Amino acid sequence: MAEEKVKTYSNGEVTVEWRAHLCIHSENCWRGLPEVFKPKDRPWIQVEGVDSDKIVNQVHKCPSGALRMAGEEVTKSESNGSVIAKKHPAEVELEGGKPYLWCACGRSGEQPFCDNTHQKTDVKPVVIKNEKPEKAWLCQCKQTSNPPYCDGTHNRL
Numbered sequence: 001m002a003e004e005k006v007k008t009y010s011n012g013e014v015t016v017e018w019r020a021h022l023c024i025h026s027e028n029c030w031r032g033l034p035e036v037f038k039p040k041d042r043p044w045i046q047v048e049g050v051d052s053d054k055i056v057n058q059v060h061k062c063p064s065g066a067l068r069m070a071g072e073e074v075t076k077s078e079s080n081g082s083v084i085a086k087k088h089p090a091e092v093e094l095e096g097g098k099p100y101l102w103c104a105c106g107r108s109g110e111q112p113f114c115d116n117t118h119q120k121t122d123v124k125p126v127v128i129k130n131e132k133p134e135k136a137w138l139c140q141c142k143q144t145s146n147p148p149y150c151d152g153t154h155n156r157l
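Start counting the sequence shown at 1; every next residue gets the next number (the UniProt record's numbering).
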């Protein structure tokens, strides 16, 4: 098995971790925040001088979990109260400036989005906020370690 290296990039306030072996090349990172994610440069992640909140927000949009913030927990409890809606991600076009509610319980009839069915459970939907339009792969197995984005967990179910 290939060694799973983790590279880190810090601006003194936040630290981004990069796991190349997990990347699915969705291009969400550099399309969403090109002043930080520069695939043709080395190092390709340059966090200096950019608002930390913007960095964190963009990293959380990584569908594979290849990018994450240092220190974030990526493990899950044995049971999160969710059910599997589907065993593949939903490819969606998210409009900029429009909030979305991602179904975390797996019971919505409007997958991958919430229809308030969760009110019968302890699971709450996740708010997705984009400043600009983007394509995203939203988890439908509800087991992702990077909600609401797919991290490939469905491949192990």
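Where is the CB? At the ideal position from N, CA and C, for every residue including glycine. Note that the coordinates shown come from a computational prediction; the quantities given were computed from them, not determined experimentally.
Straight-line CA distance for residue i to residue j?
| i | j | result |
| --- | --- | --- |
| Ala70 | Gly32 | 20 Å |
| Val16 | His25 | 17 Å |
| His88 | Gly97 | 26 Å |
| Val56 | Ser10 | 12 Å |
| Ser82 | Lys7 | 32 Å |
| Asp122 | Lys142 | 14 Å |
| Gly106 | Gln140 | 7 Å |
| Lys76 | Lys54 | With a pLDDT of 36 at Lys76, under the threshold of 50, the modelled position of that residue is not reliable, and the figure given next carries that caveat. In a straight line, the C-alpha of Lys76 is about 25 Å away from that of Lys54. |
| Ala20 | Glu95 | 28 Å |
| Lys129 | Asn28 | 14 Å |
| Asp41 | Gln119 | 47 Å |
| Gln58 | Glu35 | 11 Å |
| Cys23 | Ala66 | 5 Å |
| Cys62 | Asn116 | 26 Å |
| Glu4 | Cys150 | 20 Å |
For residue i, which residues of its own chain have a beta-carbon under 7 Å away from its beta-carbon, when the five flanking residues on both sides are left out?
| i | result |
| --- | --- |
| Cys114 | Leu101, Trp102, Cys103, Ser108, Pro125 |
Using a Cβ-Cβ cut-off of 6 Å (strictly less than) and excluding sequence neighbours within five positions of residue i, which residues of its own chain qualify?
| i | result |
| --- | --- |
| Glu91 | Trp137 |
| Pro147 | Val126 |
| Asp51 | none |
| Pro39 | Trp30 |
Note the first and the last residue of the continuous beta strand (DSSP E) segment covering residue i.
| i | result |
| --- | --- |
| Lys135 | 134-138 |
| Ser10 | 7-10 |
| Ala104 | Per DSSP, Ala104 belongs to no beta strand (DSSP E) and is neither H nor E. |
| Glu93 | 90-94 |
| Val127 | 126-128 |
Please check the pair residue i and residue j, which I expect to be a contact at CB under 8 Å, by giving their CB distance rounded to whole angstroms.
| i | j | result |
| --- | --- | --- |
| Lys135 | Gln111 | At roughly 17 Å, the Cβ-Cβ gap does not stay under 8 Å, so Lys135 and Gln111 are not in contact. |
What beta strand (DSSP E) runs, 3 residues minimum, are completely inside the region 15-84?
Within the region 15-84, the complete beta strand (DSSP E) segments at least 3 residues long are 15-18, 67-69, listed from N- to C-terminus.
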